[in-house]
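I have placed the structure first, in the form of structure tokens, so that the comments after it can refer back to it.
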Ligand SMILES: [Zn+2]
């Protein structure tokens with residue numbers, strides 16, 4: 001709370017001064033004899049929460065109690081006890097849930113990274129049984145912060161709950177146009193595919209690898225795409241898509257224009273060689289030579305913050321395939 | 001002075017800048033300035049970089065007694081503040097006097113609910129995260145009075161009340177369900193000797209379904225791999241003796257790649273910015289992974305170095321994350337807070353203590369912090385004492 005918001009509230013009438021609240025006994029917070037981590041609450045904060053405890057004690061579930069909750073939540077939207085009580089009131093009063101969704105939209109707009117506000121929205125939307133506002137709402141929230149974890153969590157819940165996956169792949173494509181490095185979007189694309197397909201078909205994997213290649217042509221130094229490709233290939237049992245990506249990688253690698261921007265390409269090629277060795281495909285010595293060469297370039301030149309990791313990976317390879325090791 | 005000897009590699013946008021790269025560039029610019037200032041300073045100051053131990057202790061002790069009105073947003077996280085402060089002080093090897101220990105224990109008792117478990121403040125409903133924080137704080141205190149605050153019987157029924165049929169845990173009754181719930185429940189139950197097969201039936205399988213294609217763990221199945229949730233997932237699986245079921249190689253690869261090439265600190269997710277608190281959330285996973293690797297090889301292999309650059313991490317923390325008047329921060333130009341103080345210090349401790357038990361300190365020797373236990377993030381001696389205390393109690 002900033003001092004300016006304190007000032008804004010300073011002439012707001014206190015509950016203790018309101019005649020219509022005379023029937024409620026305020027209850028002060030019991031911090032015990034020796035309070036620690038004691039917050040120097042503003043006068044208004046104390047007033048509102050004393051009355052909140054007062055209505056909970058008498059289990060009052062009324063319109064004015066709902067308003068009191070609103071005040072308490074404005075002062076501290078992270079108080080889950082107040083949210084919980086607010087929902088009990090809404091249920092008791094059989095309140096208009098569409099109005100409550102409007103309210104929670106505003107609160108989320110102000111506190112987009114708070115667990116409680118998103119949980120409240122989810123419960124209310126669930127009660128309301130109408131998910132039609134959730135895609136436009138989350139899309140608007142993503143415009144402000146396209147990586148907000150809570151927004152993606154809510155959107156995934158709503159998509160699954162109300163089976164609204166139509167057009168979602170196109171949505172991820174639009175967001176990747178804005179920022180091809182937004183990992184949340186790549187993850188979401190993976191989620192959409194795994195939620196809508198029984199299993200990753202090879203046709204789908206082939207299409208996704210094409211998509212990956214177009215994005216790698218924009219930026220090679222983009223871990224998100226490489227991780228996504230790895231994910232797609234993990235669920236694909238045909239060799240085609242992998243071969244296609246490998247060809248793309250080998251073409252670039254062959255050109256020899258290596259630098260820091262190639263490190264994910266190096267990692268992909270190296271890991272792929274190791275997988276081949278593990279699966280016994282191709283000439284083991286050739287594959288080992290390539291993998292160790294790439295690992296050592298990463299360790300000594302391009303990715304030196306991870307030298308100890310690359311050394312570890314190399315040693316692990318040596319331990320597992322000692323006889324065929326070429327120094 | 002052998003600081004900042006390893007060459008740092010700047011981000012590159014390959015001629016196609018997006019929001020991710022422009023924000024990354026801004027952070028690297030500020031960090032670069034601080035690194036350069038440090039290099040000049042270190043030529044005249046042989047102790048640099050120095051951990052501002054006294055200042056941090058003062059800031060923490062002040063926060064223990066008084067918090068300004070701006071902390072009202074943490075009014076439902078007061079047991080957390082107790083834990084963050086007590087644990088930070090333990091890492092700094094600062095002993096609270098017995099009077100203060102008793103006050104903290106009594107206050108946490110005020111946060112304990114009649115239904116079992118602890119709430120975010122006196123009179124608030126019980127919450128699994130607050131419960132975790134309260135139990136952790138009480139263990140940091142290490143007194144019999146503190147241990148005896150916990151009503152184990154009621155705690156057990158509270159834990160049962162947050163268990164879902166899927167094996168997951170909700171943070172409160174009718175509250176949100178995510179991987180934090182499973183970790184908090186596993187940590188609280190194992191430390192207080194309340195864990196049973198029934199309580200954690202199907203939990204490990206549920207946690208495993210949160211490991212993503214990237215290798216890290218998400219807060220909920222389908223979501224993005226994230227540092228905080230990865231720590232929760234890996235630590236919980238280990239506490240439930242099921243960590244061998246997860247993909248260790250992918251996990252290690254993901255964690256290693258979260259260390260920033262230029263800044264040396266960790267990011268929480270792929271293509272996000274560095275943040276001091278991930279020094280622990282990501283850094284703390286490494287000691288757990290070392291144990292997993294041992295299990296896989298089937299022989300005890302003691303590593304002589306960390307699998308991330310523990311020097312670069314210490315440099316980021318000491319040079320970029322210390323507020324001049326105490327407290328630690330997310331990244332340069334951010335304000336200090338107790339949360340970042342706790343987890344950045346915890347990460348520093350992990351970085352200073354090698355897998356083989358030896359210390360590897362950047363800067364002055366006095367920078368050395370006490371070691372933390374990676375599964376609970378409690379100072380090791382405190383944890384030992386707490387575990388010994390509760391293991392003498394009967395299973396309920
Ligand atoms: Zn942080």
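Protein chains in written order, with the UniProt record's numbering: chain A, 1 to 327; chain B, 1 to 396. Cβ atoms here follow ideal geometry from the backbone N, Cα and C, with glycine treated the same way. Predicted model, so just to flag it, every value in this text is computed and none were measured.
| Residues near residue 147 (chain B) by beta carbon distance below 6 Å, same chain, minus five either side | 389
_With the cut-off set at 8 Å, would you say residue 37 (chain A) and residue 194 (chain B) are in Cβ contact?_
no
To the nearest angstrom, how far is the alpha carbon of residue 66 (chain A) from that of residue 86 (chain A)? 6 Å
- Query: What's the call for residue 352 (chain B), buried or exposed, on a 16-neighbour Cβ count within 10 Å?
  - Reply: Looking at its Cβ environment, which holds 16 or more other Cβ atoms inside 10 Å, residue 352 (chain B) is buried.
Original post:
Beta-carbon separation of residue 240 (chain A) and residue 276 (chain A) under 8 Å?
Top reply: no
Inset, instruction - With a threshold of 16 other CB atoms inside 10 Å of the CB of residue 315 (chain A), please say whether the residue is buried or exposed. - result: exposed
* To do: Determine which residues of the stretch 253-272 of chain A have a Cβ less than 7 Å from any Cβ of chain B, and write them out in chain order.
  => 260, 261
### Task
Taking the CB atoms as reference points, tell me whether residue 367 (chain B) and residue 50 (chain B) lie closer together than 8 Å.
Taking 8 Å as the cut-off, the Cβ atoms of residue 367 (chain B) and residue 50 (chain B) count as close.
message = Measuring only the C-alpha atoms, how far is residue 40 (chain A) from residue 372 (chain B)?
response = 32 Å
Taking CB distances under 8 Å as the criterion, tell me whether residue 47 (chain A) reaches chain B.
no
Short of 8 Å in beta carbon distance, which residues of its chain neighbour residue 222 (chain A), apart from the five on each side in sequence? Order them along the chain. 180, 181, 215, 216, 264
* Asked: Do the stretch 205-224 of chain B and the stretch 175-183 of chain B make contact, defined as three or more Cβ pairs closer than 8 Å?
  -> In short, these stretches touch, since the Cβ pair count reaches three.
Exercise for review: Indicate whether the contact test is met: 3 or more Cβ pairs, each with one atom in the stretch 277-291 of chain B and one in the stretch 2-13 of chain B, closer than 8 Å.
Suggested key: no
Residue 299 (chain A) versus A:268, A:310, A:202, residue with shortest Cα-Cα distance: A:310
| Residues of the stretch 62-88 of chain B whose Cβ lies closer than 8 Å to any Cβ of chain A, in chain order | 63, 64, 65, 66, 67, 68, 69, 70, 71, 72, 73, 74, 75, 76, 77, 78, 81, 82, 85
Using beta carbons (cut-off 8 Å, strictly below), is residue 356 (chain B) in contact with chain A?
no
Query raised in the report: When every heavy atom of ligand 1 is checked, does at least one fall within less than 7 Å of the C-beta of residue 275 (chain B)?
Result: Indeed, a heavy atom of ligand 1 lies less than 7 Å from the Cβ.
For ligand 1, any of its heavy atoms closer than 7 Å to the Cβ of residue 150 (chain A)? no
request  = Note down, one range per segment and in chain order, each alpha helix (DSSP H) of at least 4 residues found wholly within the stretch 27-114 of chain A.
outcome  = 43-57, 63-75, 80-93, 97-110
(message) Taking 8 Å as the threshold (C-beta atoms), are residue 153 (chain B) and residue 396 (chain B) in contact?
(response) yes
Near residue 322 (chain B), what residues of its chain come up, given a Cβ to Cβ distance below 7 Å and the 5 sequence neighbours on each side ignored?
52, 328
Simplified DSSP assignment, three categories, for residue 219 (chain A): coil
| message | Tell me which residues share the same chain as residue 94 (chain B) and place their Cβ nearer than 6 Å to its Cβ, disregarding the 5 neighbours each side in the sequence. | response | The answer, listed in chain order, is 57.
Requested in this report: Please confirm if residue 329 (chain B) has its CB atom under 8 Å from at least one CB of chain A.
Outcome: Taking CB atoms only, residue 329 (chain B) has no neighbour in chain A less than 8 Å away.
Contact list for residue 304 (chain A) against chain B, beta-carbon separation under 8 Å:
6, 7, 9
Practice item. Provide the residue(s) that pair with residue 67 (chain B) in DSSP beta bridges, ordered along the chain. Key: A:39
In chain order, which alpha helix (DSSP H) runs of at least 4 residues are fully inside the stretch 308-361 of chain B? 310-315, 338-352
inquiry  = Bridge partners for residue 177 (chain B) per DSSP, in chain order?
reply    = B:170
Q) Should residue 226 (chain B) be counted as a contact of ligand 1 given a C-beta to heavy atom distance under 7 Å? A) no
Next on the checklist: So, with DSSP's three-state summary, where would you put residue 394 (chain B)?
Outcome noted: coil
Item checked: Partner residues on chain A for residue 124 (chain B), Cβ-Cβ distance less than 7 Å -> 81
| Under a Cβ-count criterion, where at least 16 other Cβ atoms within 10 Å of its own Cβ denotes burial, should residue 325 (chain B) be classed as buried or exposed? | exposed
Is it right to say residue 238 (chain A) is buried, meaning 16 or more other beta carbons lie within 10 angstroms of its own, or is it exposed? The residue is exposed, with fewer than 16 neighbouring Cβ atoms inside 10 Å.
Exercise. For the stretch 103-110 of chain B and the stretch 156-175 of chain B, state whether three or more C-beta atom pairs, one from each stretch, are separated by less than 8 Å.
Key: no
(request) Using only the heavy atoms of ligand 1, determine whether one of them is closer than 7 Å to the beta carbon of residue 145 (chain A). (result) no
For residue 200 (chain B), which three-state DSSP category applies? coil
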